[in-house]
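Here the protein sequences line up with chains A and B, keeping their order. Residues 1 to 598, numbered by my numbering, are exactly what the first sequence covers, in order. Residues 599 to 1196, numbered by my numbering, are exactly what the second sequence covers, in order. Yeah, the Cβ is synthetic: ideal placement off N, Cα and C, and Gly gets one too. Scroll down for the structure; my scribbles are underneath it.
2 protein chains.
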Amino acid sequence: MNNALQPTNSRLSALRSKMKEHQFDAYLVTNSDPHHSEYSADHWLSRKWLSGFTGSAGDVVIYQDGGGLWTDGRYFIQAVEQLQGSGIELFKRRIATTPTIPEQLAQQLAPNSKVGVDGRTINQNLYLEFIEAFSAKNIELVLTQDLIGEIWSDRPAVPTATVFNHAVQFSGASTTQKLANIRQSMQQDMVDQVLISAIDDVMWLMNIRGGDTAFFPGSQAYAMISNEQALLFIDPHKVPDTVLTELRIHGVTCQDYTSLGDYVAHLCSTKNLKYSPISTSSLLANQISKGVVTLQGRTYAQAEKVVKNATELSQMQKALTLDGSAVVKFMYWLEENVNSHQITELSAEHKLRSFRQQLPYYVSDSFSTIAGYAEHGAIMHYSATPASNKSVGTDNFFLVDSGGQYLGGTTDITRTFSFGELSEQQKIDYTLVLKGMIRLTQTKFLSGTAGCQLDIMARGAIWQQCVDYKCGTGHGVGVCLNVHEGPQNLSQSLKDSEPLVPGMTITVEPGVYREGEYGVRIENILKVVAITENQFGTFYGFETMTLAPIATKPIIIDLLSIEERSWLNDYHLRVAEELTPLLDQQEKQWLAKATKAI
Amino acid sequence: MNNALQPTNSRLSALRSKMKEHQFDAYLVTNSDPHHSEYSADHWLSRKWLSGFTGSAGDVVIYQDGGGLWTDGRYFIQAVEQLQGSGIELFKRRIATTPTIPEQLAQQLAPNSKVGVDGRTINQNLYLEFIEAFSAKNIELVLTQDLIGEIWSDRPAVPTATVFNHAVQFSGASTTQKLANIRQSMQQDMVDQVLISAIDDVMWLMNIRGGDTAFFPGSQAYAMISNEQALLFIDPHKVPDTVLTELRIHGVTCQDYTSLGDYVAHLCSTKNLKYSPISTSSLLANQISKGVVTLQGRTYAQAEKVVKNATELSQMQKALTLDGSAVVKFMYWLEENVNSHQITELSAEHKLRSFRQQLPYYVSDSFSTIAGYAEHGAIMHYSATPASNKSVGTDNFFLVDSGGQYLGGTTDITRTFSFGELSEQQKIDYTLVLKGMIRLTQTKFLSGTAGCQLDIMARGAIWQQCVDYKCGTGHGVGVCLNVHEGPQNLSQSLKDSEPLVPGMTITVEPGVYREGEYGVRIENILKVVAITENQFGTFYGFETMTLAPIATKPIIIDLLSIEERSWLNDYHLRVAEELTPLLDQQEKQWLAKATKAI
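If you want it as structure tokens, here you go:
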């Protein structure tokens, strides 16, 4: 047996003993926090701790005599390696023939079986899927036993970092104003009270930020809004007086995070309650008093949050301009040193972070930097480790995807560098990626158009040589919140049907990933803007917010149209104009060269 | 009161008397035949007869003291004109705030009301919508009273044209082969028997064609398929011995069309039945024996039919080549005569038809020709009448959209002509329409991509100047069947989610329609072809099947990319090569000029 698996297998044994005690025939373990955030604090990474599988997505079910891991294509190879010897079988998600967890359990378990899960770690949607799948065999799902908590002796504590006010200078709207808008929408929908569960929605509404996790300045909290009151359920130790005072000004009362279950259990039955079955945990949803009429759906804050106001857009532009200056400093440093000093993926990542850290209003990075040289660039979610760390050479592409959290906004930028000669194929790939990015940026579209209808404007450029990238073309971006902010998205999924409207921010980041060879990705953040309204309808378009040069050396000019070439030259003109004042003399000179018209 | 309305109003009075007799509080009247075909025979045009509204889409509900017409944006202006003085109110479909007919009736009628409809003229889907909407108020929907039949004294008879065999030379597969494929799919789905209701599906399966309507060579018929038998329900007088003999060879037994209701009412309860709630009438669906388990969904024939086999594709290409020669003869005639003889929209339409009629295997036109000069070209579904008939001049665009039914395939082509000077705006519009058509034609795409994801490749070229066309970009095309053949489609509707696969045929026809000024549309039929399969997936593309020159004089060359320009030149080379042998000397010379490279 693989030695690395010893902790895993002893953890599995401990869990199985506990399962016996509780007479569970199966137990489900996830990495979700109770708000179903993209990034969970370490405390919630139970699946990783139990199974040893470290992928960012995946759920595990354990039986007495085996188990299953459900994860997607990004992690099939890694999962097989990390699960070897554990007796846990891989179920490949997003493949039509793979059963869901509820389907598999319903099929496999005997009638009247009992399944356990920490109900905080699955959302209400998944719970309802279980209930439907289990009814025919009368299988019971128990939400109230956190068996992992019983066996994980050195489990990291729930985060305790304090929250701070996010000034109206950055948010552009006070909590009072935001509450008024939400209450107006509630009134239109005849909703008496709304439970807001998504952490970023709560942070946005309360104009606060926190520090629960490394890349997302949020803090576990719920908001409960009615016409009469606005409650913030949060650990009271996390709330300093300055925040408490500010919240009180806007009529917000703080209550203990742990008291929400009791609160919803005793709601008055004459008022209905709306909540999101995606961001609300099954445990909480099942605590809601049975006398209350519940409505499931979007809980208003998200819709208001994703359409940025003028202040947010201007602050975000400032953040992106400053971020661009850090990226230029990094580019200059790279080019100056790549031939003379050893630069590695990790040293580059650290250098880039050090430039960002010097900027005003910097909070943290917004995700784990992807700095991949050569074949590492083809791994879409690569993160360099001391073991994988490659030297950056001059005979291949170096892909760097990184971003920062600033009080004014969240950034996310990818540039692909080369410091030597490239093959014809590399140049074609690079140019088509650039072409796709520009073509989407230039697209004008009728109101009502959604991401899945726009995606081909970028991806189609790459499809022309019969190459595809196995991810979306872009995602929404928050204001010092989630770097991946929905519901707007650019992808081929017909579920990405949220119409883009002015004020939304979204990345465009097509790519080419040649496994074992290299990756190319170029990524900017765009904002959706209104163009015109006429007898044919209302037309929108994009404006680029990200400011940083795009390497021109790898471009095959003939593959760009005249309009695409002009776009690039105009963009570089703007980059030079905006960033030059933020650079030192040598960097300025370098930028002038880097932004020269082609 | 408008005199023209007298027949309408006396018909409404007659209907209201009948409604009183039957105690109906509302009565629904449609233009649908029992198979819910695109083109109904005249017998079924009850809504048109009753209301005087002549649009191709729309349903009418009559109350004792008023009524409503539900139709879409193409007909708002026409509907208001034609309904004036009738007391029938317009309900604008495809506008979010407009209630559906079931919603409106459920809201408006008192509890325990009674609504009537000829159940043959609404499909089962609409019936289920009614049942859901009506349940709360216990409103009854009666399907069995054809009140229009009782009052429409000179109602046209149900069509009686005989059917004929569609030879395997054209269809490429015998009914025996088609039945075997359907039975295999049924077995996979554990379906015991399937009712095929869509006329074109039945024609395709039985390798027959008919003559019920002017533009669609079909005949009212149903097929009922099980593993043991294949039944064709059709008026026995329509089936000559040659067809009967051929059907028998393939194991098909004919039964009287009118006996199907009884047949489904006495189905054995041990076998399930699949049918389409879209093409099956509510009356028939409700006659199915209650003991039978029914499955609603696609009934196999459609899926087989829309993916053309090699014979069908090659026959269709032959039909399109011949059709192209007729179009070229027409173009030559137009240009020769437009300055010297009076040409009108109607004389052009007749001339074009006369060229088609001379071709081998010509059956009929495939739809009512749209020949619109100047502002008539902006009316998307214009059909010239003696009253509207305009002379074709040389100072504007002349848009001609036409097609033929040939035994080998259905055609549909639009070209926009100009015989004099054009404005800059006209040239821009023309060039962007052409650009959109070429860009979509050149698009390569990953398997799984649907029409709503591809649409922007054509439409986006027109959106760039903030203009939109209020219709789809393209539709499937049949083999001597429907000129609009689903489910494949190119449009912005997210419901057009049918992935395109090799063998499908589809039009691409972007346009610009400037109300009161002119219309521009250029339309070709494409086939979907396989391009390659590699580590990134399976890639498809398009090949153009339509062959006829595209006017080059209006083109602003700088608005086309190099690739688009080469495409046009290559296309014209092929057009000249394929069509020259089919033309006389003068036409050949004209074609050589018309296809000169730009």
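Distances from the alpha-carbon of A:Q585 to those of A:A374, A:G393 and A:K329 put A:K329 closest. Within chain B, no C-beta atom comes nearer than 9 Å to that of A:F398; the closest sits roughly 23 Å away. Looking only at A:G210, A:G403 and A:E485, the smallest Cα-Cα distance to A:L547 is reached by A:G403. The Cβ atoms of A:T121 and A:S32 sit closer than 8 Å to each other. DSSP places B:L829 within a strand segment (E or B) once states are collapsed to three. Listed along the chain, the chain A residues whose CB falls inside 8 Å of the CB of B:C1064 are K444, I531, T532, N534, F536 and F539.
Here DSSP, grouped into helix, strand and coil, assigns B:T967 to coil.
Closest in C-alpha terms to A:S279, from the list A:Q302, A:L583, A:N227 and A:G291, comes A:Q302. By the rule that beta-carbons nearer than 8 Å mark a contact, B:D1053 touches chain A. Note: A:N534 is bridge-paired with A:G537 in the DSSP secondary-structure output. Interface residue (Cβ-Cβ distance to chain A less than 8 Å): B:S1045 is not classified as such. Taking the Cβ atoms as the reference, B:Y980 lies roughly 5 Å from B:I968, within the contact range of under 8 Å. Annotated three-state conformation of B:M822 is strand, per DSSP. Across the structure, A:S259 and A:I234 are spaced so that their CA atoms are roughly 9 Å apart. Rounded to whole angstroms, the separation of the alpha carbons of A:N339 and B:I1036 is 47 Å. Cβ contact annotation for A:P217 (same chain, cutoff 8 Å, sequence separation greater than five): M203, R209, G210, G211, V363, S364, Q405, C480 and L481, in chain order. Of all residues in the region 486-499 of chain A, those with a C-beta nearer than 9 Å to a C-beta of chain B are Q492, L494 and S497, reading in chain order.
For A:Q187, the enclosing alpha helix (DSSP H) stretches over residues T175 to Q188.
Within its own chain, the residues whose Cβ lies closer than 7 Å to the Cβ of B:E1161, once the five positions on either side in sequence are excluded, are Q1040, listed in chain order. At a C-beta separation below 8 Å, A:W463 has these neighbours in chain B: T1041, K1042, F1043, L1044 and F1137. If you draw a 10 Å sphere on the C-beta of A:T175, you find 16 or more other C-beta atoms in it, and that means buried. Contact between A:L90 and A:A79 holds, with the beta-carbon distance rounding to 5 Å and staying under 8 Å. Around the beta carbon of A:R574, a 10 Å sphere encloses fewer than 16 other beta carbons of the protein chains shown; the residue is thus reported as exposed.
Neighbourhood of B:G671 in chain A, by CB distance below 9 Å: empty, with the nearest CB roughly 12 Å away. For B:C1050, the neighbours in chain A by C-beta distance under 7 Å run, in chain order, Q453. Less than 8 Å separates the beta-carbon of B:A982 from that of B:E943. Contact check for A:F417 against A:T394 fails: the beta carbons are separated by 8 Å or more. Those residues of the region 550-562 of chain A placed with their C-beta closer than 7 Å to a C-beta in chain B are S561, ordered along the chain.
When the alpha-carbon of B:R645 is set against those of B:Y661, B:L626, B:H634 and B:S635, the nearest one is in B:L626. Closer than 8 Å to the CB of B:G1002 there is not a single CB belonging to chain A. By the criterion of at least three beta-carbon pairs nearer than 8 Å, the region 724-731 of chain B is in contact with the region 876-893 of chain B. By the criterion of at least three beta-carbon pairs nearer than 8 Å, the region 14-24 of chain A is not in contact with the region 176-184 of chain A.
Interface with chain A (8 Å Cβ-Cβ cutoff): B:G653 is excluded.
Interface with chain A (8 Å Cβ-Cβ cutoff): B:G1117 is excluded. Assignment of alpha helix (DSSP H) within the region 827-895 of chain B, counting only whole runs of 4 or more residues, yields 839-847, 858-863 and 880-885 in chain order. The Cβ of A:G460 sits closer than 8 Å to at least one Cβ of chain B.
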